[in-house]
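Those letters in the sequence shown? Residues 1 to 740, per UniProt numbering, in order.
Positions of the beta carbon are idealized from the N, C-alpha and C atoms, including for glycine.
Quick notes on the structure that follows.
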Amino acid sequence: MLGRLPRSALGLITLTVLGQGVALTSPAARTAVLGVSLLALDALGLAYSIRAARGTATRTTWLLAAAGRGLSLASTISFAVNEVTGRAPWFWVAVLCGLSMFLSLTGAALSVSAQRLDARERLAFIAEVVTVLSSGFILVWYFVLARSVRTEPDLRWLYDVGYPLGTLLLLVAVSAVLLRGAVARLNRPLIVLLGGILLYSIADTAFSALRVQGREAEHSPLASASLVLASLIMTVAAMQQCSAATDDDLPATARMPDWSTRLPYVAVGFGNILLVVVTIREHAFLFWGGLTIGQTAMTTALAVRQLISLKDSRRINVTDTLTRLANLTGMRQALDRAEQRRDPAALMLLDLDGFKQVNDRLGHDAGDRVLVEFARQLRATVRRGDVAARVGGDEFVVLLSGVTNEGEAVAVAERVLATLAGNPLEIGGEWVTIRCSIGMALSRPGDTAKELQHRADVAMYESKRAGTHGWRMFHPEMTDRRDRDAALADALVTAAGDGQFGLAYQPLVDLSTGDPVAVEALLRWDHPVLGPISPAEFVPIAERTGAITGIGHWVLEQACRQVQQWRLSGAGDLYASVNVSARQLQEHSFLGDVITVLHRTGLPAEALVLEITESAIVDEEVAIPALEALRRHGIRVAVDDFGTGYSSLHLLTQLPVDVLKIDRSFVAKLDGTTRGAGVAEAVIRLAQVLGLSTVAEGIETTAQVAELQLLGCSVAQGYLFARPMPAAEFTASLTERARA
């Protein structure tokens, strides 16, 4: 609780401990040591509390604490003068200063809690405080007040009754701070101060109890040491506040400790136990026993019921109702605990890829099933002790505890991805493979939860941008690209009109002859300031902002015009392959725009293939009619990157398509083995059964060409044949091929 201490505080603690050692070994010196210790500690506490009040937001608290320490000092001096001179006025000065001290320290404790409560919360708060107060009152009444009120009333009652009631005030004040959660917003010195005030109330109660029993409290080593320790803690708190090493503006904890909310129940249990003990001790069991047992059983049962309700409420507050993982509140609490403990950890953000497609295509019930299944697999995959949470629609977070290096976090991420890939989910007769992107960050010494989340968020953004259903670990060279993406979104609006866009063409080759049969038009952006920008960077931005509609129309017209020129110049039946986004398919004017472009450029409809990705088929009710209309006009449709998205064989049988393009990731696995060729062969056989043609992407070796031919694929594209090139360069290659 004390945390880092200045050297002066360490020296004071050492001297105080040595003094208590002398008092323990020398009973004759105990009273003198107690008096000197309290005088010194109160004087230092007064001085440091006044200094602590300078230039701080908690000025009122420390000024009240200084007043309390000053009054305690005056009370101790007055008691000493009374002891030496025997003059009664000094006794009453000491008593009045002591009672005023209780009021000042109570004000100091209450001043730290500035939380405003509504009427309902205020009533609950009063009930909780009264519960704690009642338990304390039972204790004080039995040990102190009951014995005091048996005597004839006189002015000494002010001392015998006032001091115990003062300690009750301190107890209530500290309880108010604990019960209302104010301690979660305090810095460490204030928490230490509250601890000292609480201990002071307990120690003074012990003093009062010994005094009313006719014993010399100063001669009790435990009572004396407790009072000195409480005074020492309050003084050290002021020293901490004054020290430059104290993080004055940072809360020592981020949330309330769980035990604080159970304080009323502890008070009820304590009161019941004390009641039973007193009944037996006072030999009044026959008279009060039945009533005591009944009341104890009743209040204990109510307390247990309330504890169960409290636990249920907390579970509801921190649990996501759909997935049964922790929710955002639960994850924040876990992050706060990790920050408080300063334990090494890693934060993993997981975002489902293509989840909107599942919702739009299969319905929200199917989407919920995906979320529940993903949560189940995530819970089964992460380690014991890790906290998994759903914090958004399809956004999840895992706090990996005790992680000290990247390898441990990466192992968990890869295990999650492998588990998802190996356990597809059946929904309505379709098999859906759940995929996600993961961003991770390791905690650093002195990290806040917010800083750790920010780094993991940057890594997640990079992972989503990569579009590979994989993971990214944060590294210092990573930058937050969101500002850049916003700037690119603005620049995309005028890029086409300013001549910043251009097209590159990559030939699709007949594997048997090596002749080009088509060209795929690929968009390129040369920004006047930023230079060339990758399509992987700007196309997703264009799709999010809707700029892709205008850009796609420009690409379509340029590609059709260029391919028609090549056809007229003797390139034969060359056709154009143009990519179309999901956003374009959803436009009601899309079909009319395509037909208009064909009429304007003169390109025959059969010479145009529009490529769509699996992710473009987000809404069957829109996509299928649009594709059917295109085919009725003679335009062919190809499915790009087949096998990498959420589509199913059932959906493929319904889609009006003509070509399946085998993704480069499957082509890369071709190694002459049956296992390596498994997926590519399956796609080719499927296409043959459905009457579709196939195009393989990413060809880089002649061995891949030979294997594809054996499997039955006749058309391919890749760097082995040609890289994407400007129109002029492709024209030159056509001319050279014609001469050859």
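Could you name the residues of the same chain whose beta carbon sits closer than 6 Å to that of residue i, not counting the 5 residues immediately before and after it, in chain order?
| i | result |
| --- | --- |
| Gly367 | Val358, Asn359 |
| Leu58 | A small correction: the amino acid at residue 58 is Thr; Leu does not occupy that position in the sequence shown. Closer than 6 Å at the Cβ level, and outside the excluded window around Thr58, lies no residue. |
| Ala638 | Val609, Glu611, Val659, Lys661 |
| Cys713 | Ile684, Thr694, Ala696 |
| His654 | Checking the sequence, you will find Gln at residue 654 rather than His. So the list is empty, once near-sequence residues are dropped. |
| Asp247 | With a pLDDT of only 43 at Asp247, under the threshold of 50, the placement of this residue in the model should not be trusted; the figure read from the coordinates follows. Around Asp247: no qualifying Cβ. |
| Ile50 | Ala66 |
| Lys435 | Checking the displayed sequence, the identity of residue 435 turns out to be Arg instead of Lys. Cβ neighbours of Arg435 beyond the five flanking positions: Asp353, His469. |
| Phe730 | Tyr505 |
Nearest by alpha-carbon distance to residue i: which of the options is it?
| i | options | result |
| --- | --- | --- |
| Val172 | Leu110, Ala677, Thr14, Ile138 | Leu110 |
| Val387 | Arg337, Lys464, Lys661 | Arg337 |
| Leu488 | Phe538, Ser589, Asp641, Gln500 | Phe538 |
| Gln453 | Val391, Ile684, Ala223 | Val391 |
| Arg602 | Leu710, Gln558, Ser714 | Position check: residue 602 holds Gly in this sequence, whereas Arg was assumed. Closest option to Gly602, Cα to Cα, is Gln558. |
| Ser78 | Leu39, Leu522, Phe102 | Leu39 |
| His599 | Gly86, Ser577, Cys560 | Cys560 |
| Ala626 | Val580, Gly196, Arg324 | Val580 |
| Ser665 | Val529, Val509, Ala441, Gly676 | Gly676 |
| His553 | Val578, Arg544, Val410, Arg632 | Val578 |
| Gly70 | Phe374, Tyr48, Phe91 | Tyr48 |
| Glu83 | Leu63, Ala32, Thr419 | Ala32 |
| Asp510 | Glu736, Phe721, Val36 | Phe721 |
| Asp485 | Leu530, Thr167, Thr419, Ala518 | Leu530 |
| Gly572 | Asp365, Ile551, Pro604, Val657 | Pro604 |
| Ser226 | Thr494, Gly195, Val517, Val412 | Gly195 |
| Asp483 | Ala496, Tyr719, Val458 | Val458 |
Please classify residue i: is it buried, with 16 or more other beta-carbons within 10 angstroms of its beta-carbon, or exposed?
| i | result |
| --- | --- |
| Ala703 | exposed |
| Ile699 | buried |
| Lys450 | exposed |
| Ala245 | Its pLDDT being 43, under 50, Ala245 is placed unreliably by the model, and nothing is read from it. |
| Pro164 | buried |
| Gly514 | exposed |
| Ile438 | buried |
| Asn317 | exposed |
| Ile273 | exposed |
| Ile280 | exposed |
| Gly86 | exposed |
| Tyr505 | buried |
| Gly63 | According to the sequence shown, residue 63 is Leu rather than Gly. Burial call: buried. |
| Arg739 | exposed |
| Gln709 | exposed |
| Glu707 | buried |
| Glu736 | exposed |
| Glu681 | buried |
| Ser224 | buried |
Less than 8 Å separating the beta-carbons of residue i and residue j?
| i | j | result |
| --- | --- | --- |
| Ala421 | Thr404 | no |
| Glu406 | Leu442 | yes |
| Ala727 | Gln586 | no |
| Val410 | Met473 | yes |
| Leu222 | Met331 | no |
| Leu630 | Leu591 | yes |
| Ala9 | Val192 | no |
| Ile541 | Leu508 | no |
| Ala466 | Met440 | no |
| Ala29 | Leu73 | no |
| Val519 | Ala607 | no |
Using a Cβ-Cβ cutoff of less than 7 Å, which residues in the same chain neighbour residue i once the five nearest sequence positions on both sides are dropped?
| i | result |
| --- | --- |
| Asp526 | Gln500, Gly502, Pro532 |
| Gly546 | Arg583 |
| Ala75 | This sequence places Ser at residue 75; Ala is not what is there. Excluding positions up to five away in sequence, the list reads Ala94, Cys97, Gly98, Met101. |
| Asp593 | His553 |
| Thr323 | Leu371, Val372, Ala375, Arg390 |
| Asp351 | Asp394, Glu395, Cys436, Ser437, Met460, Lys464 |
| Gly166 | Leu99, Phe102 |
Whose C-beta lies closer than 8 Å to the C-beta of residue i among residues of the same chain, with five residues either side of it excluded?
| i | result |
| --- | --- |
| Glu414 | Trp471 |
| Ile197 | Leu105, Ala108, Ala109, Leu170, Ala173, Val174, Ala230, Met234 |
| Arg544 | Ala489 |
| Arg369 | Leu425, Ile427 |
Compare the C-beta of residue i against all C-beta atoms of chain B and say whether one is closer than 8 Å.
| i | result |
| --- | --- |
| Leu194 | The chain labelled as chain B is not found in the depicted structure, where only one protein chain is given. |
Inset, instruction - With a floor of 3 residues, list each beta strand (DSSP E) that falls wholly inside the region 637–708, ordered by position along the chain. - result: The region 637–708 contains these whole beta strand (DSSP E) runs: 659–662, 693–696.
Inset, instruction - Return the chain-ordered ranges of every alpha helix (DSSP H) run that is complete within the region 406–485 and spans a minimum of 4 residues. - result: Under the rule that a run must span 4 or more residues, the alpha helix (DSSP H) segments found entirely inside the region 406–485 read 406–422, 449–466.
Inset, instruction - Quick one: which unbroken beta strand (DSSP E) runs of 3-plus residues sit fully inside the region 541–624? Chain order, please. - result: Taken in chain order, the whole beta strand (DSSP E) runs of length 3 or more contained in the region 541–624 are 575–579, 608–613.
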